[in-house]
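Quick note on numbering: our numbering labels position 71 of the sequence shown as 284, and the sequence is numbered without any gaps. Here a beta-carbon is modelled for each residue, glycine too, at the ideal position from N, C-alpha and C.
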Amino acid sequence: MSRFDEPLTKALDPKTAKLLHSVLGLETVGDLLRHYPRRYAERGELTSLDALAVDEHVTVVGEVTRLMRKPMRNRGGTWLEVEIVDGNGNRLYLSFFGKGSHVAESRLKPGRRGMFAGKVGLFGARAKPRWQLAHPEFELFEEGEASAEEFAAAPVPIYPAGKDVTPWAIRRAVGVVLDTLGPLEDPLPAELRARHGLQDLGEALVAIHRPKDFAEVGRARKRLKFDEAFVLQAVLLQRRQAATAWPARPRPRRSGGMLDDFDARLPFALTEGQAKVGEEIAADLALEHPMHRLLQGEVGAGKTVVALRAMLQVVDAGGQAALLAPTEVLAQQHHRSITTMLGDLAQGGMFGGTAVTLLTGSMGAAGRRSALLDAASGTAGIVVGTHALLQEHVQFADLGLVVVDEQHRFGVEQRDALREKAGGTRPHVLVMTATPIPRTVAMTVFGDLEVSTLSQLPSGRAPITTHVVPAAEKPHYLERTWQRVREEVGLGRQAYIVCPRIGDLEGDEGDLATPADEERRPPLAVLDVAQLLSEGPFHDLRVGTLHGKLPPEEKDALMRAFTRGELDVLVATTVIEVGVDVPNSSVMIIMDADRFGVSQLHQLRGRVGRGGLPGLCLLVSDFPEGTPARARLDAVAATLDGFELSRVDLEQRREGDVLGAAQSGKRSSLKLLQLLRDEDVIATAREEAGALLARDPELASHEGLRAEIERLLADERAEYLEKT
Numbered sequence: 214m215s216r217f218d219e220p221l222t223k224a225l226d227p228k229t230a231k232l233l234h235s236v237l238g239l240e241t242v243g244d245l246l247r248h249y250p251r252r253y254a255e256r257g258e259l260t261s262l263d264a265l266a267v268d269e270h271v272t273v274v275g276e277v278t279r280l281m282r283k284p285m286r287n288r289g290g291t292w293l294e295v296e297i298v299d300g301n302g303n304r305l306y307l308s309f310f311g312k313g314s315h316v317a318e319s320r321l322k323p324g325r326r327g328m329f330a331g332k333v334g335l336f337g338a339r340a341k342p343r344w345q346l347a348h349p350e351f352e353l354f355e356e357g358e359a360s361a362e363e364f365a366a367a368p369v370p371i372y373p374a375g376k377d378v379t380p381w382a383i384r385r386a387v388g389v390v391l392d393t394l395g396p397l398e399d400p401l402p403a404e405l406r407a408r409h410g411l412q413d414l415g416e417a418l419v420a421i422h423r424p425k426d427f428a429e430v431g432r433a434r435k436r437l438k439f440d441e442a443f444v445l446q447a448v449l450l451q452r453r454q455a456a457t458a459w460p461a462r463p464r465p466r467r468s469g470g471m472l473d474d475f476d477a478r479l480p481f482a483l484t485e486g487q488a489k490v491g492e493e494i495a496a497d498l499a500l501e502h503p504m505h506r507l508l509q510g511e512v513g514a515g516k517t518v519v520a521l522r523a524m525l526q527v528v529d530a531g532g533q534a535a536l537l538a539p540t541e542v543l544a545q546q547h548h549r550s551i552t553t554m555l556g557d558l559a560q561g562g563m564f565g566g567t568a569v570t571l572l573t574g575s576m577g578a579a580g581r582r583s584a585l586l587d588a589a590s591g592t593a594g595i596v597v598g599t600h601a602l603l604q605e606h607v608q609f610a611d612l613g614l615v616v617v618d619e620q621h622r623f624g625v626e627q628r629d630a631l632r633e634k635a636g637g638t639r640p641h642v643l644v645m646t647a648t649p650i651p652r653t654v655a656m657t658v659f660g661d662l663e664v665s666t667l668s669q670l671p672s673g674r675a676p677i678t679t680h681v682v683p684a685a686e687k688p689h690y691l692e693r694t695w696q697r698v699r700e701e702v703g704l705g706r707q708a709y710i711v712c713p714r715i716g717d718l719e720g721d722e723g724d725l726a727t728p729a730d731e732e733r734r735p736p737l738a739v740l741d742v743a744q745l746l747s748e749g750p751f752h753d754l755r756v757g758t759l760h761g762k763l764p765p766e767e768k769d770a771l772m773r774a775f776t777r778g779e780l781d782v783l784v785a786t787t788v789i790e791v792g793v794d795v796p797n798s799s800v801m802i803i804m805d806a807d808r809f810g811v812s813q814l815h816q817l818r819g820r821v822g823r824g825g826l827p828g829l830c831l832l833v834s835d836f837p838e839g840t841p842a843r844a845r846l847d848a849v850a851a852t853l854d855g856f857e858l859s860r861v862d863l864e865q866r867r868e869g870d871v872l873g874a875a876q877s878g879k880r881s882s883l884k885l886l887q888l889l890r891d892e893d894v895i896a897t898a899r900e901e902a903g904a905l906l907a908r909d910p911e912l913a914s915h916e917g918l919r920a921e922i923e924r925l926l927a928d929e930r931a932e933y934l935e936k937t
């Protein structure tokens, strides 16, 4: 009998077990049984090709319609192209080279149906690209074969697969362990299952892998989704309970301190949201256990002011605050904006303020020594830095607050390294993100944090108009794009042009032997685009180039020059994505916009319209209408609501690993649960988990649930939760 925690090396043949581990990361029988089918196919039906995405490893079900021999470009010999169609008439092309083409030709005949697995790509004319699988593996549905019977009657599970591991190989492995599986300890109490009409775990696993019909699939998915939600919410609730026991030094607000002085000097009134969130944070900082709060808000919602007020409260209480930024450009921008907002309070000494120190990895030796001394001695109440703050020799006199900007850009170990510098007690932690998070995502991903949201923009923010520029379909639109930039510059304004690449071959991928890749160009580069524009439509404008490989002093000088209006156009990579604030900039052009995520596009767009000037954002892409990439761009152009866009983004890319394993390249904890579509399931599971933990905090009477939590928290997940 196989056990849930038994290694696959004992349950399967060594070759299969090794492949499942190396390609899919599956180690135990439980891992394999939790590797659920992505979808199901029926013998008499073909599966739609509508949802394909470039570079995704997919499995499709289709019917062969024709075969074509084609000559190889610039070389002798031929290659085989096979056309298949789905039930809606969509067409997909399979390409085979060398000896494999002759094997495929002998088996694939018009009228034959089967499953085809491989990496999907687009090739052909840019205006009308065609979907292609290069060298796919396949299994045909044939009458008379031993395997045909299972296709004829029941839904055929199609599993998430990978290179060298086909969906049908996974199906066979699952069959082996199901046939030998022993009794399972159910993590859900019997009364809970009865209350919500859920089948037991063993029945659900058999039904999802060997369903007799789609009704069985539905019942199994209902149960297994609830499992994921319930166990995860139990973990997060345990985490929140444990946090209340951790010691932290209270940092209450002090009357007559720097915070009062700063508030009195503010040249603008705080928004209602900023004031409310500020009160929440101030109350947290006064407690004897560490604050752990997420501050989310739209681009330009004023998160920096809220964070600075929290830092001043901690400094007033005798502590220090550290602000961790993901890039040097952003760290420098934060340092400048904080010192500017504080004015003479940032000079410390006789002015009654505190020093604000910048620490980055590329600082000169003298500046670095001075910054380290300021942090270690306590002279600097506020220390702003990049990853350099995490190094072992960086010490603080009394670190009371850690502010992490754009928290998703930092690994767990990096955040933990800074927190450990507080010594015996834990510092208060405020993590910020300008990527809005839907309610259910926040409840699940950040279920052990308090969440504050800034949705109101400060006065003076102008509306931003966004359009998609279809450069391949309508080249004259691109010419008009450059004219619009010139018009804005003529009005005394400035523009950003963002490219996905710097200029060398970093990030370029592809096997030039395939027809698809022969048609594919590399992403546009900052250095190339800047040169073309400087020699062409912007020949009389002042054009600067900014990217991550420039020396820090040069990057800082460029940003200062752009801020002072000494440059008309800044051609840059995404180093200007967050934190950069130039009120005179009114135009954002994003080249190859399809290569960026929805949230990243929204962040970049937020760099304009910051000074009362109407903003214009143009998303340049070669992708035609009807493609998923174009749909993403159209969604960004259709709304300025970051929360709505975050839902679009999440629906397209899924959730990743809510316990942080995505940061270490491991598989996701969520298999079936979808955070946006299963809001009711998550809410119910959280309520049930809370009630159970209230009755049995140590889970002494719930061995199955305790074992499931231990499996979930194995290895780096346990470390992740401990560090977060």
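The alpha helix (DSSP H) spanning residue i covers which residue range?
i       : result
Ala-456 : 427-456
Met-524 : 516-529
Ala-844 : 841-851
His-815 : 811-818
Ile-895 : 892-908
Thr-758 : Careful: Thr-758 lies outside any alpha helix (DSSP H), inside the beta strand (DSSP E) at 756-759.
Leu-585 : 578-590
Met-554 : 541-555
Arg-697 : 688-703
Can you say whether residue i is buried or exposed, counting buried as having 16 or more other CB atoms within 10 angstroms of its CB?
i       : result
Phe-217 : buried
Gly-515 : buried
Met-281 : exposed
Lys-231 : exposed
Phe-481 : exposed
Phe-427 : exposed
Arg-247 : buried
Thr-678 : exposed
His-689 : exposed
Asp-847 : exposed
Leu-479 : exposed
Lys-687 : exposed
Ala-907 : exposed
Leu-725 : Caution applies to Leu-725, whose pLDDT of 27 falls short of 50 and renders its modelled position unreliable; the value that the coordinates give is listed next. Exposed, by the Cβ-count rule.
Pro-683 : buried
Lys-376 : exposed
Specify, as a first and last residue, the run of the beta strand (DSSP E) that residue i falls within.
i       : result
Met-471 : Met-471 -> not in any beta strand (DSSP E); alpha helix (DSSP H) instead, spanning 471-478.
Phe-351 : 350-354
Ala-593 : 593-598
Determine the DSSP secondary structure at residue i, reduced to helix, strand or coil.
i       : result
Tyr-372 : coil
Trp-381 : helix
Leu-872 : Legend: pLDDT at Leu-872 = 47, less than 50; position of this residue unreliable, no value from coordinates given.
Ile-494 : helix
Phe-775 : helix
Glu-219 : coil
Lys-341 : coil
Gly-749 : coil
In the DSSP output, what is residue i paired with across the bridge?
i       : result
Lys-283 : Trp-292
Glu-916 : Note: Glu-916 sits in no beta bridge, so no partner.
Cys-830 : Thr-679, Met-801
Gln-533 : Leu-612
Glu-276 : Val-298, Arg-326
Thr-309 : Checking the displayed sequence, the identity of residue 309 turns out to be Phe instead of Thr. Partner(s): Leu-293.
Ala-708 : Val-782, Val-800
Gly-238 : DSSP lists no partner for Gly-238.
Val-271 : Gly-331
Ala-618 : Residue 618 is actually Asp in this sequence, not Ala. Paired residue(s): Met-645.
Check the Cβ-Cβ distances between residue i and every residue of chain C, and say whether any is below 7 Å.
i       : result
Ala-848 : Among the chains in the structure shown there is no chain C, since it carries only a single protein chain.
Next item on the list: Examine the Cβ distances between the region 418-438 and the region 880-894 and report whether three or more of them are shorter than 8 Å.
Entry: yes
Next item on the list: May I ask you to verify whether the region 334-353 touches the region 221-230, counting CB pairs closer than 8 Å and requiring at least 3?
Entry: no
Notebook entry, point to check: Given 8 Å as the limit, is there contact between the region 395-409 and the region 377-385, that is, 3 or more CB pairs closer than that?
Noted result: no
Next item on the list: Take every Cβ of the region 680-697, pair it with every Cβ of the region 826-840, and state whether three or more of those distances are shorter than 8 Å.
Entry: With a cut-off of 8 Å, the region 826-840 and the region 680-697 count as touching, because enough Cβ pairs lie within range.
Notebook entry, point to check: Would you call the region 459-478 and the region 905-922 in contact, with 3 or more CB pairs under 8 Å?
Noted result: Three or more Cβ pairs closer than 8 Å define a contact, and the region 459-478 falls short of that threshold against the region 905-922.
Next item on the list: Answer yes if the region 266-278 comes into contact with the region 386-397, meaning at least three C-beta pairs across the two stretches below 8 Å, and no otherwise.
Entry: no
Margin query: Tell me whether the region 596-609 and the region 521-540 touch, counting them as touching only if at least three CB pairs, one residue from each stretch, are closer than 8 Å.
Written below: yes
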